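Trainee: After the structure tokens below, expect a handful of questions from me.
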Ligand code: DGJ
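In this note's numbering, the protein residues as written are 24 to 749.
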């Protein structure tokens, strides 16, 4: 059993196989977090219940302990606002009488096999044999507010998930002003905080800083998870690197504005909270209603940041990605966007399809520009019916012809948006997100559609469903090209206006749920101006996400390295484009680290290029399983700002290895030794190209001398090794 309750000591031990997470029901029903870290056998740890409480300034409870105990210094499991804990709180409720004091204490618990779903929200999943869940019910006796902390341990994975349910058991209305998904107290502040910041076309750059006293962290206020900060943070030991040291990773399964904060207090301890951003959020909770937070995924690795990432990767491939394409090979696609932008029509796209078929591409994706009067980005979002000038016979004969050519067919939508110049807006101007009396701001010439409203969702759904049900569509790219300003819904009363942003995201999930339920065979790719909504909630619906609009292979190295901190190769859309900086060879080597495809005018290839592209596609097929389901080792990071970058995929049984090296800056050859990672040191590996056989130990500890092998600026090279008997 992965979760054990020690009745005598009143402790819970949550054992993920790699980590232990130990909770204690302390005097007075305070729930304390005694330990989170490398697996230990004990469940009772003494001496960690309290911390110095600093004379009279930290409030204490005269009934509890020997006067040593203060909620302000104890490792409180879920810190609440107003009752003596001055650190950043995980929960703040405005009670019916107007105060904001919450004091929750243990009431009961239950432990059961499997994992519950979360109402109206995506979440990771498991069978009864794969996971065990603990629900601890706490209660504020004065307000009758019940807070249920839900923990699921995934057996032998290193993964623990957390979420919270807040139920109003009183007879009066209350308002939740903050409800975080996790609150984790660490006894020390000797950690570095790692986060992924960025902007459009420059997503998920890695930033690392030591913790300091006070509050620090990252947030999105954009209405979506955003390019600017990803809902992922890690706390790692100061000396931790890819292969050594404690690394804790936290990832929120949520696509809206989020907040991930760490406070280091006067005791040099630290508290991490992560969840819905309280800025712009208040939720009215009427009697008997329950509010559900999104889930957070918590990973611990004693073996460095690289292993933390691999734990996330294996976990998401198994417990988050769903549907047919979880295991089935995804088609190599060509997307029309960078080749044609809005200038598409049936003839041109059929020419694309024929040219694509000739070299082994398996799917044509018709990106933006096929609907309404969409010839640029100023019009037609919301008018999801075919543009008859571009497709005179309609979509069906065109799509049928693509299939006759032998390709699958993909289409683009941006369902949560509305153009001011659209039939939908002219008919229903109130359906755009806005505040009455204010002109809403534009982003990419468009407004946001109020999908928090069920009637609006029904209109969009009817339009999408008409297209999808009338045609054989194999793939759908779901885009989102601006952030949400003027956040409000005309349908919400004043005391619920601040529910809007969360309700918007729930509306999006509802649409995505309808789509994936009715069309389970469609391969669904998420996108938000590239990777502006690259989060696990979107991965629950779409097994891949367009990683970035930046298709320059060199820029992609940092984007893909940063993204890989938390997300597996299988989910990263990566295409070969016509970006001029590198050769197609380097572009293909970089794009193979992901869901592979092309983004260029495929009609223009000469014979030599066609042969080269056929070679890329053969490699895609050959290495598909290794890349999609193998373990990633980041060997030389672009963030080291050196002249080479390298990464490896190692199959789970360590019998195959693909090493890729990219040269950022060519120089007069210098002695360059590359030490591989993750191999079986007792096994032998054959280099496919040279036929040479090396021991795993030699490749890892002596290394390979690649001084002359990848030396031209922006060049790349791959090595493929297979395990052999000596
Ligand atoms: C932004 C996406 O990131 C692009 O790939 C493309 O789909 C455009 N939107 C279309 O408008």
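Heads up, the beta-carbon is just placed ideally off N, CA and C, and yes, glycines get one too. Keep in mind the model is a prediction, meaning the values are calculated, not measured.
#1: Return the first residue and the last residue of the alpha helix (DSSP H) that residue 449 is part of.
#2: To the nearest angstrom, how far is the alpha carbon of residue 335 from that of residue 137?
#3: Span of the beta strand (DSSP E) holding residue 501?
#4: Sorry if obvious, but does the Cβ on residue 413 come closer than 7 Å to a heavy atom of ligand 1?
#5: Kindly identify the DSSP beta-bridge partner or partners of residue 319.
#6: Where does residue 263 sit, in a helix, a strand or coil, going by DSSP?
#7: Which value, in whole angstroms, describes the spacing of the CA atoms of residue 668 and residue 641?
#8: Pull the bridge partners of residue 728 from the DSSP assignment, please.
#9: Let me know the secondary structure DSSP gives residue 431 once reduced to three states.
#10: Is any non-hydrogen atom of ligand 1 found closer than 7 Å to the C-beta of residue 501, if you look at the structure I gave you?
#11: Less than 6 Å between C-beta atoms, sequence neighbours within five positions excluded: which residues of the same chain meet that for residue 139?
#12: Is residue 708 helix, strand or coil by DSSP?
#13: Using beta-carbon positions only, say whether residue 224 and residue 314 come within less than 8 Å of one another.
#14: Which complete beta strand (DSSP E) runs does the region 471-545 hold, if anything under 3 residues is left out?
#15: Kindly indicate the opening and closing residues of the beta strand (DSSP E) around residue 645.
#16: Buried or exposed: residue 80, going by 16 or more other Cβ atoms within 10 Å of its Cβ?
#17: Which runs of the alpha helix (DSSP H), 4 residues or longer, sit entirely within the region 310-386?
#18: Relative to the C-alpha of residue 736, which residue among 604, 679, 704 is closest?
#19: Who does residue 241 pair with in a DSSP beta bridge?
#20: Is the beta carbon of residue 342 sitting closer than 8 Å to the one on residue 177?
#21: Taking the alpha carbon of residue 339 as the reference point, which residue from 180, 299, 190, 269 has its own alpha carbon closest?
#22: Using only CA atoms, which one of 46, 288, 222 lies nearest to residue 172?
#23: Would the beta-carbon of residue 435 be found less than 7 Å away from any heavy atom of ligand 1?
#24: So, for residue 651: in the same chain, excluding its five sequence neighbours on each side, which residues have a beta-carbon less than 7 Å away from its beta-carbon?
#25: How many Å lie between residue 576 and residue 216 at the Cα?
#26: Indicate whether residue 753 and residue 159 have their beta-carbon atoms separated by less than 8 Å.
#27: May I ask you to check if the CB of residue 245 is nearer than 7 Å to at least one heavy atom of ligand 1?
#28: What does the alpha-carbon distance come out to for the pair residue 191 and residue 312?
#29: Of all the options 243, 257, 496, 227, which has the alpha carbon lying nearest to the alpha carbon of residue 214?
#30: Select from 518, 249, 547 the residue whose C-alpha is nearest the C-alpha of residue 117.
#31: On a Cα-Cα basis, can you pick out the residue from 405, 526, 491 that is closest to residue 395?
#32: Would you kindly check if the distance between the Cβ of residue 583 and the Cβ of residue 617 is under 8 Å?
#33: From the DSSP output, read off the bridge partner residues of residue 142.
Mentor: Judging by the given coordinates:
#1: 446-450
#2: 19 Å
#3: Run containing residue 501: 498-501, per the beta strand (DSSP E) assignment.
#4: no
#5: 185, 275
#6: coil
#7: 24 Å
#8: 696
#9: strand
#10: no
#11: Excluding sequence positions up to five before and after residue 139, its CB lies less than 6 Å from no other CB in the same chain.
#12: If DSSP states are grouped into helix, strand and coil, residue 708 belongs with the strands.
#13: no
#14: 498-501
#15: Residue 645 -> not in any beta strand (DSSP E); alpha helix (DSSP H) instead, spanning 630-652.
#16: exposed
#17: List check, alpha helix (DSSP H) in window: 327-342, 360-363, 369-382.
#18: 604
#19: 283
#20: yes
#21: 180
#22: 46
#23: Checking the Cβ of residue 435 against ligand 1 gives yes.
#24: 592, 593
#25: So the two alpha carbons sit approximately 28 Å from each other.
#26: Past the edges of the chain, shown from 24 to 749, lies residue 753, and the structure says nothing about it.
#27: No, since every heavy atom of ligand 1 falls outside the 7 Å radius drawn around the Cβ of residue 245.
#28: 6 Å
#29: Looking only at 243, 257, 496, 227, the smallest Cα-Cα distance to residue 214 is reached by 257.
#30: 518
#31: The shortest C-alpha separation from residue 395 is found at 405.
#32: yes
#33: Paired residues: none, contrary to the question.
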